[in-house]
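Top to bottom, those sequences are chains D and L.
When the first sequence is numbered by my numbering, its final residue is 550 and no position is left out of the sequence of numbers.
When the second sequence is numbered by my numbering, its final residue is 550 and no position is left out of the sequence of numbers.
There are 2 protein chains.
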Amino acid sequence: MAVRHRRQAPTQADIARAAGVSQGAVSAVIGGRSAEQRIPRETAQRIMDAARELGYVANTAARSLKGKRNRLLGVHTFESVFPISQRDFYHEFLIGIEEQAVAVGYDLVLFTSTEDPTGQRRVYRDGANRLNVADGSVLLGIGSNNSDLARLAADGYPFVHVGRRDVPDTEIAWVGADYSSATAELVGRLTTLGHRQVSYVGYAERYEASRDREAGYRSGCASNGITPGVAYLEQDDVTAQWLDRSLATGVTAFLVERQEVAMRIAEYSAARGLSIPDDLSIALIGASGGSSASRRWSTLGIPRNQMGREAVRLLVDMLTAPDVPREFQILLPCTAPDDSTIAAAPPRR
Amino acid sequence: MAVRHRRQAPTQADIARAAGVSQGAVSAVIGGRSAEQRIPRETAQRIMDAARELGYVANTAARSLKGKRNRLLGVHTFESVFPISQRDFYHEFLIGIEEQAVAVGYDLVLFTSTEDPTGQRRVYRDGANRLNVADGSVLLGIGSNNSDLARLAADGYPFVHVGRRDVPDTEIAWVGADYSSATAELVGRLTTLGHRQVSYVGYAERYEASRDREAGYRSGCASNGITPGVAYLEQDDVTAQWLDRSLATGVTAFLVERQEVAMRIAEYSAARGLSIPDDLSIALIGASGGSSASRRWSTLGIPRNQMGREAVRLLVDMLTAPDVPREFQILLPCTAPDDSTIAAAPPRR
DNA sequence: CTGTAGTGCTAATACGTAATAGCGAAGATT
DNA sequence: AATCTTCGCTATTACGTATTAGCACTACAG
C-alpha cells in the first residue's frame with residue numbers, strides 16, 4: 202500500500218446538496234449563525250448530520266481568504282541563527298512568544314527562508330516581503346535592519362519589535378527592557394554599599410540597549426553624586442595596564458556589558474591578589490549570551506519571556522483593534538543582579 | 202506620531218493597475234508563465250518592477266484555495282507542550298526540522314492553536330483542520346492520535362510522522378529510530394561483558410517505540426542464548442522487594458525505559474551495598490526527558506536532530522514529486538550507550 | 001484584398017466560505 | 001381586503017489567485 206495524497210474534501214456545497222438546502226444555509230449553521238439566519242433547529246440538525254456524515258472540515262484557506270486574516274503570526278530574527286536553538290540568546294524570547302500565541306489561539310510562522318546566501322536575514326528579499334504571509338510579525342534582533350523596519354512601517358505592515366528600536370522619522374511598536382532605570386538603580390545600590398567610583402565598560406558598538414544602559418548609568422551617577430567613568434571596550438582592549446589605571450583612580454566596581462570583558466577583569470585582578478567581590482564588585486549589565494558561564498555573575502535580568510509575551514499581546518491588539526489608541530512602546534522592568542559578584546566596597550586606604 | 206498599520210497588502214490587481222495590464226498578466230509573470238502567456242520581456246519587467254515597488258507577496262489563502270503551494274511546512278505536536286521549550290523532549294527534533302527547513306527554503310508554521318481547553322492537541326478542531334495552511338506537516342508525539350492520523354491520511358494531506366507509528370489499514374510516512382536493532386545489539390554487548398541475565402523494564406504503557414525495544418531485546422536474547430525477563434513497571438512499582446527478587450534470579454543488568462525507574466533501582470541497590478556499574482549494569486533505552494539527570498546514565502542515543510531533518514526531507518520530496526515511488530518509512534540508527542553505567546558482569550557466586 | 005499565422009494580451013471563471021440583501025409564503029393586524 | 005410581519009430560507013457577491021478561451025491587431029502570403 203502506498204501513501205496516497207490528494208482527495209477531494211467535501212465542501213459546504215456537498216453538504217447543502219445532501220441536506221437539500223443552499224450553501225449559505227450550511228455556512229450559517231456551521232458558523233453558528235443559525236439564529237441570525239433564522240434556520241430552524243430541525244433544518245440545522247439535518248445540516249449538522251450531513252456534515253458529520255460526509256466528514257466535513259472547513260477549508261481554512263477559503264476562510265481566511267474571506268476573512269482577510271490567517272491567524273498566523275510571524276517571527277523573524279535578523280541575526281543568522283536558528284531561532285529555536287537553545288544555545289541562542291533568543292530562545293527565551295521565543296518561548297514567551299509561543300506561550301502567548303497558544304493563549305490567544307494564533308499559529309506561528311518561523312521565517313527561516315529569509316536567509317540570503319551570505320547568512321544575512323532580511324525582510325525584503327527579491328523585493329518581496331515574505332512576512333506578508335502572516336497577519337503580523339514579531340521581529341527580534343540586536344542588529345535589526347533599520348531600513349527594513351522603516352519600510353515595513355511605511356508599508357503599514359503590523360509588527361512589534363522585541364527590544365527598543367529607534368528608527369528616524371518613524372514610530373515603531375516595540376517591547377523593551379528598562380535597562381536605564383535598572384542601571385541607575387544598580388548604581389544607587391553600589392553607592393549604598395560604599396562604592397565611590399563605579400566604572401561603566403560598554404560594547405564598542407553602541408546599540409539602543411547599550412545607550413540606554415549608559416544613560417541609566419550616568420543618571421545614577423548624577424543622582425548619587427558619583428563621577429561617571431565610561432569606557433567602550435572590546436575584549437582585547439582589556440589589558441592589565443588598563444585595569445591598573447582604573448584601580449589607581451579608585452574604582453571599586455565595574456558595570457560591564459560583556460561577559461568576556463568581566464572575565465578578563467577577573468583574571469587580571471586575581472593576578473593582583475584582588476578577590477571578587479570582596480575587593481572588587483562586578484555586575485554584568487548586558488545580554489548574557491548562553492549558559493557557558495565559567496562562574497556566576499551578578500547579572501541584570503532581562504525579562505525575556507515576558508517581553509516575548511507582551512510583544513504578541515500588543516501585536517494581536519493591534520490586529521484586532523487597529524484604531525484604538527494605545528501605547529506602542531512598552532518598557533518592562535529588569536530584575537536586579539544578585540549578590541554573586543557584588544559586595545560592599547573595601548575599606549578605603 | 203502614531204503607528205500606522207493595516208494597509209491592505211497589495212494584490213495582483215493593484216500591480217496590474219500600476220503596470221497598466223490585467224490581473225491575469227500579473228499572475229502569469231509572477232508565476233513564471235510569461236512565456237506561455239506570451240508576455241514580452243518589456244511588459245514582464247514593468248510588472249515585476251511594480252510588484253517590487255508595492256512589496257507584493259502572494260496571498261497564501263488564495264493560493265492554497267487554488268490548490269497551489271505556499272512554501273510553508275507545518276509542525277504539530279500532539280503532546281500539550283510548548284514545542285520550543287528546551288526542557289522539552291521534542292526540542293532537538295525541532296532543531297533538526299528547522300535546520301532542514303532553512304536548507305530547503307521553506308518557512309515553518311508552529312501549530313500552537315490546536316490546543317483545546319483540556320490541553321489536548323488535536324489536528325481537527327472546531328470542525329476545521331488548521332494544518333491545511335501549510336503545504337504539508339511534520340507531526341510529533343508519542344501519544345499521537347491515531348484517528349487524527351488516519352483521517353489526515355484519508356484526506357490525502359501530506360505529512361510525515363517523527364517516530365514510527367502504526368495506523369491500522371493505513372500506510373503512514375514516518376521517520377523512526379531503530380530501537381529494535383540497537384537494543385538487540387546492546388544485549389549482545391552485555392553478553393560479551395559476561396552478563397547472563399539481562400532484564401527489560403518497560404513502560405507500563407506500550408507505545409510503538411517501547412514495543413520495538415522489547416522486540417529487539419527479545420531477539421537479542423534469542424541470538425545470545427539468554428532467557429528474556431520482561432517487566433512493565435511504573436515508577437512506584439519498583440520496590441525493594443521487586444529488586445531483591447530480580448537479583449535473586451541472577452540478573453546483573455537492567456535495560457530500563459524510564460530514568461525514574463533507573464533511579465529507583467540505583468537507590469535500592471545502593472542500600473544493598475551494590476555499586477553501579479561494578480555490581481549492576483543499567484542502561485537507559487527509553488527517551489530521556491530533559492537534562493535533569495542526577496547522574497550520567499548509559500543511554501541509547503536517539504538521533505533526534507537527524508530524524509527531524511529526514512522528516513523534512515521526506516516531506517519536501519513528497520510535495521515536490523508526489524508520484525515518484527519512494528520509501529515512506531525511514532529507520533535511522535541509534536547511537537550505542539556509553540560506559541557510564543555499563544560494565545563487565547560481576548564474578549559469579 | 002482575402003486568408004492565415006502569430007503577437008500580446010484581456011475577459012471570464014473557479015476555488016470554498018461568509019455575509020448581505022431580499023424573496024415568497026404564511027399568518028397577524030387594520 | 002389590503003397591508004404588515006415574521007419565517008425560512010435562497011441568490012448573489014466578494015475575497016485573491018491561476019488558468020483557459022479567445023479577441024484585436026499586425027505582418028505576411030497568396
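Virtual Cβ for every residue (Gly too), placed ideally from N, Cα, C.
Values in this document were obtained by computation on a predicted structure and should not be read as measured data.
- [ ] Return no unless some Cβ of chain D is closer than 9 Å to the Cβ of S348(L).
- [x] no
TODO: Taking R510(D) as the query, report the chain L residues whose CB atoms sit under 9 Å from its CB, ordered along the chain.
DONE: Those within 9 Å of R510(D) in chain L number zero; the least Cβ separation is about 12 Å.
Task: Under 9 Å by beta carbon: chain D residues contacting R331(L) - done: T261, R272, D308
TODO: List the residues of chain D that E316(L) touches, going by C-beta distances under 9 Å, in chain order.
DONE: V303, G306
Open item on the list: So, at 8 Å on beta carbons, what are the nonlocal neighbours of E300(D) in its own chain, with the 5 sequence-adjacent residues on each side left out?
Closed with: N506, G509, R510
- [ ] Would you grab the beta carbon distance between L273(L) and Y325(L) for me? Rounded to a whole angstrom, and I think it's under 8 Å.
- [x] In fact, because the Cβ distance is near 19 Å, the residues do not count as touching under 8 Å.
Task: Given 8 Å, three or more beta-carbon pairs between the stretch 453–460 of chain D and the stretch 394–406 of chain D - done: yes
- [ ] Determine, using beta-carbon pairs with one atom in the stretch 435–446 of chain D and one in the stretch 466–478 of chain D, whether at least three such pairs fall under 8 Å.
- [x] yes
Task: Range of the contiguous beta strand (DSSP E) that encloses D308(L) - done: 308–311
Task: Rounded C-alpha distance that separates Y433(D) from R323(D) - done: 29 Å
Task: Rounded C-alpha distance that separates I427(L) from T278(L) - done: 39 Å
Open item on the list: For R473(D), would you say it is in contact with chain L, using Cβ-to-Cβ distances shorter than 9 Å as the test?
Closed with: no
Task: Start-to-end residues for the alpha helix (DSSP H) that takes in I587(L) - done: No statement about residue 587(L) is possible, as the shown extent of chain L runs from 202 to 550 and does not include it.
Open item on the list: So the candidates are A214(D), P241(D), A263(D); which of them puts its Cα closest to the Cα of A251(D)?
Closed with: A214(D)
- [ ] Just list the beta strand (DSSP E) runs in the stretch 464–504 of chain D, keeping only unbroken ones of 3 residues or longer that don't cross its boundaries, in chain order.
- [x] 482–485
Open item on the list: Considering just the uninterrupted stretch of the alpha helix (DSSP H) at T542(D), what are its terminal residues?
Closed with: Per DSSP, T542(D) belongs to no alpha helix (DSSP H) and is neither H nor E.
TODO: Give the secondary structure of W443(D) by DSSP, where H, G and I count as helix, E and B as strand, and everything else as coil.
DONE: helix
Open item on the list: If I measure Cβ to Cβ from W352(L) and keep anything under 8 Å in the same chain, skipping five residues before and after, which residues do I get?
Closed with: Rather than Trp, the amino acid found at residue 352(L) in this sequence is Arg. Hits under 8 Å: V324, Y325.
Task: Positions along the stretch 380–409 of chain L whose CB lies within less than 8 Å of some CB in chain D - done: none
Open item on the list: Distance check for N271(D) and L332(L), CA to CA, integer angstroms please.
Closed with: 12 Å
Task: Test: R465(D) CB closer than 9 Å to a CB of chain L - done: no
- [ ] Could you pull out every residue in the same chain whose Cβ sits closer than 8 Å to the Cβ of L420(L), ignoring the five residues on either side in sequence?
- [x] Note that residue 420(L) corresponds to Ser in the displayed sequence, not to Leu. These residues qualify, in order along the chain: S381, A385.
Task: Inter-residue spacing [alpha-carbon to alpha-carbon] between V276(D) and D349(D) - done: 15 Å
Task: Any C-beta of chain D under 9 Å from that of G256(L) - done: yes
Task: Alpha carbon of D518(D) to alpha carbon of Q436(D), nearest angstrom - done: 42 Å
Open item on the list: Using the three-state DSSP reduction, which class does E254(D) fall into: helix, strand or coil?
Closed with: helix
- [ ] Taking only beta-carbon positions, decide if R352(D) is within less than 9 Å of chain L.
- [x] yes
Open item on the list: For E293(D) and R412(D), what's the separation of their Cα atoms in angstroms?
Closed with: 23 Å
TODO: Anything in chain L within Cβ reach of T453(D), meaning under 8 Å, just list it in chain order.
DONE: Ordered by position in chain L, no residue passes the 8 Å Cβ test against T453(D), which lies about 38 Å from the chain.
Task: Member of V258(D), I231(D), N260(D) whose CA lies at the smallest distance from the CA of Q246(D) - done: I231(D)
- [ ] Examine chain L for any beta-carbon lying closer than 9 Å to the beta-carbon of V227(D), and answer yes or no.
- [x] no
Task: Sequence-distant residues of the same chain with beta carbon closer than 6 Å to L311(L), five excluded per side - done: V276
Open item on the list: Going by the DSSP bridge assignment, what does T371(L) pair with across the sheet?
Closed with: V368(L)
Task: Counted within 10 angstroms of its Cβ, other Cβ atoms place P523(D) as buried (16 or more) or exposed - done: exposed
Task: Range of the contiguous alpha helix (DSSP H) that encloses V303(D) - done: 292–305
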